[in-house]
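What follows is a set of notes on a single structure, which appears directly below.
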Amino acid sequence: MKLKSYVSLFLLAGLCAGASAQKSAVQSIEEYRAMLQDGNPADLFEAKGEDLWKQKRGPKKATLEQCDLGKGPGVVKGAFTELPRYFADTNRVQDLESRLLTCMETLQGLNAAEIANTPFGKGEQNNMTALATWISAESKGMKFNLSQAHAQERTFYEVGKRLFFQRGGPHDFACSSCHGQDEKRIRLQDLPNLTKNPGDGIGFAAWPAYRVSNGQMWGMQQRLNDCYRQQRFPYPGFGSDATIALGVYLGVNSQGSASVAPAIKR
Amino acid sequence: MADPMRIRAQAAGDKATVRVLMSHEMESGQRKDAAGNTVPAWFIQEVSATLNGKVVLTGEWGPAVSKNPFLQFTIKGAKAGDKVGVTWKDSKGDTRTDEATVS
């Protein structure tokens, strides 16, 4: 009897070892991400962004604290999960980064066109990313709820949808080539299907994010720019209507999903 | 002036877990820029931690440590209210010290 129980114990141990050996690649990556989560360097950018928001800068020596991100001047909490949206003062639909650009110009007197033409990761663009990181963090865990009340917002959704499926470039690629079906991946990266709601903290709900592989903090504008780079399209302009329209399409599709930004990526 | 570190220190029982996130480029000296020139090495060489001013950890780091490094360690005998300080010095001689209170 005693021997028998030993045998079953061994069997059990054997089974456990077998189960852990069969851990899928996806599970291993999940574990790796979970390990990184505690100590996400996005925290550093978040702190920098908060500082920049309250700092007097530009020719007008003003802070951004009066910036209206859609919920009234200075209201930051919850603003991120309702962007992009229509703004009456600029008479256009704006995402977080293009709205910040407006505020930096009107409140601080900085040159918006010059900042938009600065390459990612250089000069004022670094400040832009830090600000976007902090503002997104203030809405962490909140659910996306983009307005489709204004006619322009509905137009942007339709334009974004069309851009998402528009094939072109030397590879005849579209956003939908990678993000139009379930359970696809590139190497070990799972590709979310962005034509429908991908769920909490996936796709639109996971940017801005820190990329461990290159040690860079990326906002949504840079993420979309990189999609176009991979498609070998010409780069879209920073804060251009095309990128904002794609943002509206992805954001409206993510309706009700919780934001985890600033996230951490491979 | 280097950007500040993020230090969190949490007491549990008779020890405290300290998590430190440092903001540093950590250039290994092995990379080349777009023009093909070597990017000069620039990394944290010395790290030390103190508990209420008394040194509890010292370390020598090299170019293999990642950008924006994360350091975690436990201090025996630390309790809520104690002050934890962390200092680093890099290969350019630049240094930064930040402090946090154990919670």
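As you go down the protein sequences, you meet chains A and B in turn.
Quick note: the first sequence uses the working numbering, first residue 569, plus one each step.
Quick note: the second sequence uses the working numbering, first residue 21, plus one each step.
Even for Gly, the Cβ is constructed at its ideal location relative to N, Cα and C.
Values in this document were obtained by computation on a predicted structure and should not be read as measured data.
Residue i versus residue j: straight-line alpha-carbon distance, rounded
i               : j               : result
T117 of chain B : E650 of chain A : 39 Å
Q530 of chain A : Y654 of chain A : Outside the modelled stretch of chain A, which goes from 569 to 834, sits residue 530 of chain A, for which no answer is possible.
L669 of chain A : K729 of chain A : 25 Å
F741 of chain A : D619 of chain A : 40 Å
P802 of chain A : G736 of chain A : 11 Å
R753 of chain A : I597 of chain A : 13 Å
A680 of chain A : F93 of chain B  : 44 Å
Y725 of chain A : E614 of chain A : 29 Å
D114 of chain B : K616 of chain A : 20 Å
Q784 of chain A : A36 of chain B  : 31 Å
K109 of chain B : P89 of chain B  : 13 Å
V76 of chain B  : D657 of chain A : 57 Å
L571 of chain A : Q823 of chain A : In this prediction, L571 of chain A scores a pLDDT of 48, lower than 50, which makes its location untrustworthy; the coordinate-derived value is nonetheless stated afterwards. About 59 Å.
G748 of chain A : Q789 of chain A : 20 Å
Q734 of chain A : A717 of chain A : 26 Å
V828 of chain A : F806 of chain A : 23 Å
N608 of chain A : E751 of chain A : 27 Å
C-beta contact flag for residue i and residue j at 9 Å
i               : j               : result
E673 of chain A : M696 of chain A : no
A55 of chain B  : T121 of chain B : no
G771 of chain A : L762 of chain A : yes
V85 of chain B  : I64 of chain B  : yes
M25 of chain B  : V106 of chain B : yes
Y600 of chain A : R791 of chain A : no
A69 of chain B  : S111 of chain B : no
I683 of chain A : E692 of chain A : yes
V820 of chain A : L675 of chain A : no
G787 of chain A : A705 of chain A : no
L612 of chain A : D23 of chain B  : yes
Chain-order list of residues whose beta-carbon lies under 8 Å from that of residue i (same chain, five-residue window excluded)
i               : result
L677 of chain A : The displayed chain sequence assigns Gly, not Leu, to residue 677 of chain A. Only G626, P627, K628 and A630 meet the Cβ criterion.
K52 of chain B  : T58 and V59
Heavy atom of the ligand FAD within 8 Å of residue i beta-carbon
i               : result
L604 of chain A : Of the ligands one can find in the structure shown there are none, so the ligand FAD has no counterpart to examine.
Classification of residue i by the beta-carbon crowding that lies within 10 angstroms, buried from 16 upward
i               : result
T811 of chain A : buried
S123 of chain B : exposed
L637 of chain A : buried
L583 of chain A : Any reading at L583 of chain A needs caution, since the residue's pLDDT is 44, under 50, leaving its predicted position unreliable; the model's value is listed next. The residue in question, L583 of chain A, is exposed, as its Cβ has fewer than 16 Cβ neighbours within 10 Å.
Q546 of chain A : Here chain A comprises residues numbered 569 to 834, so residue 546 of chain A is not present and cannot be evaluated.
P766 of chain A : buried
S592 of chain A : exposed
I38 of chain B  : In the sequence on display, residue 38 of chain B carries Val and not Ile. By the 10 Å Cβ count, V38 of chain B comes out buried.
Residues near residue i by beta carbon distance below 6 Å, same chain, minus five either side
i               : result
G709 of chain A : A826
C671 of chain A : L632 and C635
H44 of chain B  : I64
Residues near residue i by beta carbon distance below 7 Å, same chain, minus five either side
i               : result
S781 of chain A : R834
L580 of chain A : Interpretation of L580 of chain A is limited by its pLDDT of 45, a score under 50 that renders its predicted location unreliable; the figure taken from the coordinates is listed afterwards. Nothing meets the Cβ criterion.
Problem - Within 8 Å of chain A by C-beta, residues of the region 22 to 33 of chain B in sequence order - result: D23, P24 and R26
Exercise for the section: Scan the region 634 to 663 of chain A for residues whose Cβ lies nearer than 7 Å to a Cβ of chain B and list them as they occur along the chain. Expected result: none
Handout entry: Within 9 Å of chain A by C-beta, residues of the region 71 to 84 of chain B in sequence order
Key = none
Practice task
Could you name the residues of the region 41 to 54 of chain B whose beta carbon sits closer than 7 Å to any beta carbon of chain A, in the order they occur along the chain?
Solution key: L41 and S43
Exercise for the section: Residues of the region 88 to 103 of chain B with a CB closer than 7 Å to any CB of chain A: list them in chain order, please. Expected result: N88 and F90
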